[in-house]
Each structure stands twice: as C-alpha cells, then as structure tokens.
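What follows is a single structure, written as structure tokens, with notes after it.
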Amino acid sequence: MTKLKTKIWVSALMKRVEIAGSFSAVLKKGDADAGVCLIKVCDLEGHATIYNQIRNTQGDIAWLSKGPLKECIIDEELAKKVRQDPDLWIIEIIDKKRNHFLTEPVEN
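Residue numbers for the sequence shown follow our numbering, so the first one is 47 and each next one is one higher.
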C-alpha cells in the first residue's frame, strides 16, 4: 500500500475541520512527502491538547494525546519538538468542543 504524502493528508484534515465549521492552520510546514504531524487542538478557554502521530505494532497511524493543558505549556512542548525534528508539521485546530478530527470516518 502506498503511503499518502503528508501535504495531501494535511490538506484533507484541514478540509474536514473547515466542513465541520471549525478553524485550522498550518503553524509549521515540514517535509511535504514524509513529515510527521503534531496536531494542536485548542478550545476557546486557553487550553490545548497535542496529538502526536505514531505507528502502532501493525504499522498503522495512531495518536497519543497530551493535555488538555494551558496553551502556553503546550506551545513550549511544541517548540522543543521542532528543535528535535525540523521536518515536523504542526497543525492547529481551534474547536470549542476540542474535536481533533483525526479518527472520524470519511464518507462520500
């Protein structure tokens, strides 16, 4: 199975967020073909959660979360991650219910 390029996956996630009536933005672009994504999900009350992309034992994408914490703490964590991996993507989603849009089924 061919792996989807990161830039295409990011575009699809952002479109899904937009369709749901929420907001998303690319905070940092990484490698367009194979960059790892971190998803920052913010509510409207100053809290955020990071979703870290990993691979499970079957090689499928899975998501580990950290938070919700104060947004400034999450931003510090993201800055550390960027220093460690310059090919990293950071996508921010603002949704008052803290939806991450990462596991919803895609329907035609």
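Note that beta-carbon positions come from the ideal geometry of N, C-alpha and C, so glycine has one too.
- Looking only at P114, A80, I100 and T52, the smallest Cα-Cα distance to N145 is reached by P114.
- In the DSSP assignment, V128 falls within the unbroken alpha helix (DSSP H) covering E117 to Q130.
- Under the DSSP assignment, K143 falls outside any alpha helix (DSSP H); it carries neither an H nor an E label.
- Shown here, L90 sits in coil according to DSSP, grouped into three states, outside any helix or strand.
- By the Cβ neighbour-count rule, F147 is buried, with 16 or more other Cβ atoms within 10 Å of its own.
- A residue is called buried once 16 or more other Cβ atoms fall within 10 Å of its Cβ, and A94 is buried on that count.
- The beta carbon of E150 sits closer than 8 angstroms to the beta carbons of R62 from its chain, once the five residues preceding and following it are set aside; these are given in chain order.
- Separation of C88 and G76 (C-alpha to C-alpha, rounded to the nearest whole angstrom) is 21 angstroms.
- Exclusion of the five residues before and after E138 leaves S70, A71, L73, K86 and C88 as the residues of its chain whose Cβ lies within less than 7 angstroms of its Cβ.
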